[in-house]
């Protein structure tokens with residue numbers, strides 16, 4: 001595995017807070033779980049209507065998904081297993097010579 | 100050789116540097132490669148001067164890719180741009196005009212340490228790799244480290260954050276080296292183009308405030324034409340406009356700095372996609388992404404040459 005399989009089970013989740021209350025709740029849990037924000041680049045930008053893509057580790061994703069279900073915040077899983085996505089990024093070309 | 104290098108895969112820093120040296124040796128009429136300094140970890144910061152060496156003083160366009168390490172499509176585009184320019188110089192009148200009248204200064208990988216780290220350790224590393232003795236977290240956001248409203252809205256003063264602005268403006272040797280080069284040549288650099296991912300946007304100043312730039316109409320027209328041209332290739336839609344309104348307010352970035360330092364046409368591209376793959380844009384999408392972006396860049400350059408004062 002590339003990168004020592006460090007992204008196994010990690011997810012990328014998209015959230016678009018529908019209100020400032022949802023945005024605040026998300027900011028708090030992002031802070032707590034130390035997520036890797038793909039979009040926007042900083043938690044400070046998370047606000048009502050902002051597309052928010054978060055990369056979250058396998059363990060932390062359980063906490064986040066439970067929180068989202070409990071608070072009825074809509075979400076969509078963009079990447080189910082980030083390790084597989086990393087491997088796929090160049091899978092079509094790996095058989096070819098790079099030069 | 101140029102035709103054997105595979106432009107439809109992502110390349111390591113070592114590959115890209117070998118590619119630069121190869122072109123420097125094999126394309127003496129159009130290419131000159133030189134270093135403008137060293138990175139925090141001591142790597143050379145290579146840039147390529149691309150254009151017919153007809154006279155010493157020519158107006159110029161600056162292009163940089165890979166300020167943020169994990170945005171691999173950026174360096175792929177910079178390489179694609181060079182290939183297209185060299186291959187079509189003799190057959191495409193527009194390219195011939197651009198390379199005859201202008202020098203392009205192209206920095207294929209701005210954040211060399213971060214890019215290398217994203218290949219070897221953490222695919223999603225964004226910042227530089229500098230250390231601060233007081234904190235365990237490494238790196239500064241190289242697009243928040245410029246001396247223009249430094250460390251204000253949209254930047255963080257905390258070293259562990261992804262948008263950390265650094266201990267002071269131009270603290271990062273990579274930023275300082277590029278800023279020095281642009282300051283030295285600012286009178287002849289007409290345009291500054293920076294390539295990022297992902298969002299599908301073409302942005303122009305200001306980022307740090309909502310005010311309109313003085314040459315708005317010319318810049319807006321160029322951006323409008325560029326995204327229209329881009330869309331004509333594969334139907335991909337890009338939003339365009341002032342960064343503060345189109346993306347979000349951010350301070351201390353390179354585009355605003357270039358504009359404030361006298362480069363009248365400053366743009367930042369946010370390349371494909373809009374989140375389906377995010378930073379992991381598959382290699383099979385390098386070609387369509389670069390083909391459409393190429394058209395947009397040519398469009399902007401020709402517009403500036405022909406119409407903008």
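Residue numbers (our numbering), protein chains in the order written: chain A, 1 to 99; chain B, 100 to 408. In this text, a Cβ means the ideal position worked out from N, Cα and C, and glycines have one as well. Here the structure is a predicted model, which is why all the values come from computation and not from measurement.
Can you tell me which of the options puts its alpha carbon nearest to the alpha carbon of residue i?
i	options	result
residue 257 of chain B	A/33, A/44, A/3	A/44
residue 327 of chain B	B/299, B/265, B/271, B/283	B/299
residue 53 of chain A	A/37, A/68, A/24	A/37
residue 20 of chain A	A/4, A/9, A/47	A/47
residue 149 of chain B	B/392, B/122, B/168	B/122
residue 341 of chain B	B/266, B/252, B/323	B/323
residue 30 of chain A	B/260, B/389, B/110	B/260
residue 354 of chain B	B/301, B/398, B/178, B/229	B/301
residue 367 of chain B	B/375, B/399, B/227	B/399
residue 159 of chain B	B/196, B/182, B/140, B/143	B/196
residue 303 of chain B	B/284, B/331, B/191, B/369	B/369
residue 350 of chain B	B/311, B/305, B/375	B/305
residue 83 of chain A	A/8, A/14, A/3	A/8
residue 68 of chain A	A/23, A/88, A/81	A/23
residue 175 of chain B	B/116, B/151, B/289, B/331	B/116
residue 139 of chain B	B/215, B/375, B/336	B/215
residue 222 of chain B	B/379, B/334, B/142, B/393	B/379
residue 410 of chain B	B/405, B/142, B/153, B/106	Since the first residue of chain B shown is 100 and the last is 408, residue 410 of chain B is not available in this structure.
residue 388 of chain B	B/329, B/114, B/283	B/329
residue 291 of chain B	B/217, B/125, B/358	B/358
residue 267 of chain B	B/282, B/241, B/281, B/283	B/241
residue 107 of chain B	B/374, B/386, B/156	B/386
residue 339 of chain B	B/186, B/318, B/280	B/318
List the residues of chain A whose Cβ lies closer than 8 Å to the Cβ of residue i, in chain order.
i	result
residue 113 of chain B	The premise fails here: residue 113 of chain B is roughly 11 Å from chain A at the closest Cβ pair, so nothing lies under 8 Å.
residue 375 of chain B	78
Using a cut-off of 7 Å between C-beta atoms, extract the partners of residue i located in chain A.
i	result
residue 255 of chain B	42
residue 222 of chain B	3, 86
residue 262 of chain B	41, 42
residue 347 of chain B	40, 45
Assuming the contact rule is C-beta atoms closer than 8 Å, residue i and residue j should be a hit. Round their C-beta distance to whole Å, please.
i	j	result
residue 245 of chain B	residue 278 of chain B	7 Å
residue 40 of chain A	residue 347 of chain B	6 Å
residue 166 of chain B	residue 296 of chain B	Not quite, the Cβ-Cβ distance comes to about 11 Å (not below 8 Å), so this is no contact.
residue 162 of chain B	residue 135 of chain B	Not quite, the Cβ-Cβ distance comes to about 14 Å (not below 8 Å), so this is no contact.
residue 344 of chain B	residue 307 of chain B	Actually they do not touch by this definition, with Cβ atoms about 12 Å apart.
residue 33 of chain A	residue 60 of chain A	4 Å
residue 201 of chain B	residue 188 of chain B	With 8 Å as the limit, residue 201 of chain B and residue 188 of chain B do not qualify as a contact, their Cβ atoms being about 12 Å apart.
residue 239 of chain B	residue 232 of chain B	At roughly 14 Å, the Cβ-Cβ gap does not stay under 8 Å, so residue 239 of chain B and residue 232 of chain B are not in contact.
residue 208 of chain B	residue 164 of chain B	7 Å
residue 4 of chain A	residue 57 of chain A	That pair is no contact at about 14 Å.
residue 35 of chain A	residue 55 of chain A	7 Å
residue 253 of chain B	residue 42 of chain A	7 Å
Could you confirm whether any beta carbon from chain B is found closer than 7 Å to the beta carbon of residue i?
i	result
residue 10 of chain A	no
residue 78 of chain A	yes
residue 98 of chain A	Confidence is the limiting factor: at residue 98 of chain A the pLDDT is only 45, short of 50, which leaves the residue's position unreliable and the question unanswerable from this model.
residue 89 of chain A	yes
residue 36 of chain A	yes
residue 53 of chain A	yes
Please tell me whether residue i has its Cβ less than 7 Å away from any Cβ of chain A.
i	result
residue 213 of chain B	no
residue 379 of chain B	yes
residue 389 of chain B	no
residue 106 of chain B	no
Answer with yes or no whether the minimum CB distance from residue i to chain C is below 7 Å.
i	result
residue 293 of chain B	Structure shown: chain C not included; protein chains present are A and B.
Just to make sure I have the definition right: I need the residues of chain B whose C-beta is within less than 8 Å of the C-beta of residue i. Which are they?
i	result
residue 14 of chain A	374
Starting from the N-terminal side, write out each stretch of the alpha helix (DSSP H) that is 4 residues or longer and does not extend beyond the region 240 to 292 of chain B.
272 to 284
Please list the segments of the beta strand (DSSP E) lying wholly inside the region 52 to 91 of chain A, counting only runs of 3 or more residues, in order along the chain.
52 to 56, 75 to 79
4-residue-minimum alpha helix (DSSP H) runs that sit fully inside the region 285 to 371 of chain B, ordered along the chain:
315 to 333, 342 to 345, 353 to 359
Just to confirm the assignment: which complete beta strand (DSSP E) runs, minimum length 3, are found wholly within the region 126 to 161 of chain B?
130 to 137, 143 to 149
Complete runs of the beta strand (DSSP E) confined to the region 184 to 233 of chain B [at least 3 residues]:
201 to 206
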